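2 protein chains.
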Amino acid sequence: MSARELCVVGLGLIGGSVAQAAMHAGWTVRGATASAEDTAAAAEAGVRVEPDVATALRRAAADDALVLLAVPLTAVDDVLSTVAEHAPACRLTDVVGVKEPVAAAVARRVPRVRYVGGHPMAGTTRPGFAADSAELFTGAPWVVSVDGPHRAVWTDVAGLALDCRAVVVPATAADHDAAAARISHLPHLLAAVLAAVGADGGPLALALGAGSFTDGTRVAGAPPDLVRAMCEGNRSALVDALDDALGRLGAARGALASSGTVEATVRTGYLARRAFDAARAPGDGSMQVDLESPTALERLRELGRLGARVTALHGSRAQVML
Amino acid sequence: MSARELCVVGLGLIGGSVAQAAMHAGWTVRGATASAEDTAAAAEAGVRVEPDVATALRRAAADDALVLLAVPLTAVDDVLSTVAEHAPACRLTDVVGVKEPVAAAVARRVPRVRYVGGHPMAGTTRPGFAADSAELFTGAPWVVSVDGPHRAVWTDVAGLALDCRAVVVPATAADHDAAAARISHLPHLLAAVLAAVGADGGPLALALGAGSFTDGTRVAGAPPDLVRAMCEGNRSALVDALDDALGRLGAARGALASSGTVEATVRTGYLARRAFDAARAPGDGSMQVDLESPTALERLRELGRLGARVTALHGSRAQVML
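As they're listed, the protein sequences go chains Z and F. Remember, this note's numbering sits 15 above the position in the first sequence when you count from 1. Remember, this note's numbering sits 15 above the position in the second sequence when you count from 1.
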């Protein structure tokens, strides 16, 4: 197993939270960020902040540290150019909310890097380093890409996610992006639409907004630039998800206007939400996958499609719950 | 001011919570319900439960108690027949989530009753009496209808809502129903649609569901019968809200597919959510409305359309925050 040395590029909410969670778990963590504000806050919280990204990457290359890119999708190309210059063969992962565009950019700009994409499903509603966020990932799903071929780095990245107290969901970049369109990007657009329809009702409507409106619009308050970047970076899969939603919502409208019923919509949604609750409950199936097997990533990919999570690593064996 | 005697018909989550909150505030509370289960739980929690609804209503008529109907919309007609028989001129309010259909049923079946409709905006996700729910309404908006003409009963109902620690939002039945379609009924249908689109993504998508999906689908878990009753009871206003949502979602889909941007959708939603947050913040304007003035309900109606809340009663004066 590689030494637990981590270099975090970008110390906003996600990068800063990983840095702190990894420090708590005993990793040696260095960081760098272009933000003076995040630099000060991270240093205050005990993160060793390098003077610039290039310096941090040179040091990571020398130490064979795992490099974690925690920058918005729109900044990935720029940062990868710096990686190509200063750490062209490093172990690399990221936390960006879409995986195919990042994988394509990595292949284009840093072909020799040992890249395994990642995406912790947590937190977009506040920006910037937060000193109290080491627990941000506790229990959250953290996708670690199984596109291959870097099996040893997969184990390193999964180990980092588990040390942050997340559960690891193995998925290909394409499968991740299709799923994320449905359970992350579409929810942001529906929240935006719901907020706008509520505001269209004027001050009385906003005064009456309670639980269902509050919850349904919460992520409409997320930073617009971050929401746009993740939605627009996943255009094709998100259009499919939008078409599914438009079809279902149009059917509800049609049934209500013509027959006065929303029975099918409400029943289907109720059963789907129950399926989601069941999916989140601890599974009763458990198995192990040998990460040294040449087919380990394929096996994890199949299990991930069935909803499996990796909950622990025991040496080279991944504990999988299904 | 009338004596604080309350008769609650229906002791499910909402009726049971009002009964307990009113008891804590010093009201004399009696209740009745057709549910043997709720009868037992309410009696256990100290509510005086009459043997049947007719008995409770006769007693309420004798005591001039305020009668609160806390039954689903689908049961309103039946219960109103019993009111017409046993307490045809009582002070009457209700907690049903749509107000025009209830007002029409009251006018049709119990024309002499002194009715002022109400709707506390809280709680649909669990059914049945709950012994720990006296705080359910704390801080919640509670619409008290200003359609008139029963100004004195308006004060009684507003007093009950305030004693349950809600804030009173004055609105006509029609204004309430139009607003509720946008901020309560549409959110339930969007949650159902989102849950279904997520489940369409298979086990991997459900495994990845995190904050935005969890919040966005929460009310899809509400009892389907209650959700159907409130949505279908507000058909016309809800079709309008659905058309607004379909138009906005279709525009997002079009812009994303053609130009690759969701800028307008995300920005509009962000500003709307900020407006909602601002609307929930304590207002800095404060005034008083004299409830003994013949134009008090008209004045409250105008203020309600501007987003005003009644936060206290001082004798015959309503404290209004805007």
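Idealized CB from N, CA, C, for every residue including glycine. All values derive from a computational prediction rather than experimental measurement.
Contact annotation: the segment 195-214 of chain Z touches the segment 284-292 of chain F, with at least three C-beta pairs closer than 8 Å.
In its chain, beyond the 5 residues on either side, 252 have a beta carbon closer than 7 Å to the beta carbon of residue 193 of chain F. With the criterion set as a beta carbon lying under 8 Å from some beta carbon of chain F, the members of the segment 141-157 of chain Z are 155 and 156, in sequence order.
Taking a beta-carbon distance threshold of 8 Å, residue 312 of chain Z does not count as an interface residue toward chain F. Chain F has a Cβ within less than 8 Å of the Cβ of residue 136 of chain Z. Using a C-beta cut-off of 8 Å, the segment 288-306 of chain Z makes no contact with the segment 197-205 of chain F, since fewer than three inter-stretch Cβ pairs fall below that distance.
In the DSSP assignment, residue 22 of chain F is bridged to F/45 and F/82. Listed in chain order, the alpha helix (DSSP H) elements of length 4 or more contained wholly in the segment 77-151 of chain F are 88-101 and 115-124. Not a single CB atom of chain Z sits nearer than 8 Å to the CB of residue 29 of chain F. In the DSSP annotation of this structure, the continuous segment of the beta strand (DSSP E) that includes residue 326 of chain F starts and ends at 324-329.
Nearest in C-alpha terms to residue 81 of chain Z, of all of Z/88, Z/282 and Z/73, is Z/73.
By the Cβ criterion, the segment 113-122 of chain F is not in contact with the segment 36-53 of chain F, since fewer than three pairs of Cβ atoms, one from each stretch, lie closer than 8 Å. Of all residues in the segment 269-292 of chain F, the ones placed with a Cβ closer than 9 Å to any Cβ belonging to chain Z are 271, 272, 275, 276, 277, 278, 280, 281, 282, 283, 284, 285, 286, 287, 288, 289, 290, 291 and 292, in chain order. Looking at Z/71, Z/269, Z/158 and Z/273, the one whose alpha-carbon comes closest to that of residue 190 of chain Z is Z/158. Unbroken alpha helix (DSSP H) stretches of 4 residues or longer found wholly inside the segment 278-331 of chain Z: 278-295 and 311-320, given in chain order. Cα atoms of residue 178 of chain Z and residue 30 of chain F: separation of roughly 47 Å, rounded to the nearest angstrom. Annotated as distal: residue 166 of chain Z and residue 129 of chain Z, with beta-carbon spacing of 8 Å or more. The alpha carbon of residue 327 of chain Z has as its nearest neighbour, out of Z/314, Z/228, Z/317 and Z/306, the alpha carbon of Z/306.
Along the segment 173-197 of chain Z, going in chain order, the ones with a CB nearer than 7 Å to a CB of chain F are 184, 186, 190, 193, 194, 195 and 197. Counted as a single uninterrupted DSSP element, the alpha helix (DSSP H) harbouring residue 242 of chain F occupies residues 239-247. For residue 218 of chain F, the nearest beta carbon of chain Z is closer than 8 Å to its own beta carbon.
Put simply, the CB of residue 239 of chain Z is near chain F, with a gap under 8 Å to one of its CB atoms.
Residues of chain F whose Cβ lies closer than 9 Å to the Cβ of residue 106 of chain Z do not exist; the shortest such Cβ separation is about 24 Å. Taking 8 Å as the cut-off, the beta carbon of residue 94 of chain Z is found closer than this to the beta carbon of residue 24 of chain Z.
A residue is called buried once 16 or more other Cβ atoms fall within 10 Å of its Cβ, and residue 302 of chain F, having fewer, is exposed. Shortest Cα-Cα distance from residue 204 of chain Z to any of F/281, F/314, F/67 and F/103 involves F/281. Residues of the segment 243-259 of chain Z whose Cβ lies closer than 8 Å to any Cβ of chain F, in chain order: 243, 246, 247, 250, 253, 254, 256, 257, 258 and 259. Residue 261 of chain F has its alpha-carbon roughly 7 Å from the corresponding atom of residue 265 of chain Z.
For a cut-off of 8 Å, the C-beta gap from residue 60 of chain F to residue 146 of chain F is around 4 Å, short enough to register as a contact. Per DSSP, residue 274 of chain Z is one residue of the alpha helix (DSSP H) stretching across 250-274. For residue 89 of chain F, same chain residues with a beta-carbon under 6 Å away, outside a window of 5 residues either side, are 244 in chain order. The shortest CA-to-CA distance from residue 69 of chain Z to any of Z/208, Z/270, Z/97 and Z/45 is the one to Z/97. Residue 301 of chain Z has a beta carbon lying at 8 Å or more from every beta carbon in chain F. Residue 202 of chain Z belongs to the set of residues whose beta carbon lies under 8 Å from a beta carbon in chain F. Residue 117 of chain Z is outside the set of residues whose beta carbon lies under 8 Å from a beta carbon in chain F. For residue 212 of chain F, the enclosing alpha helix (DSSP H) has its first and last residue at 201-215.
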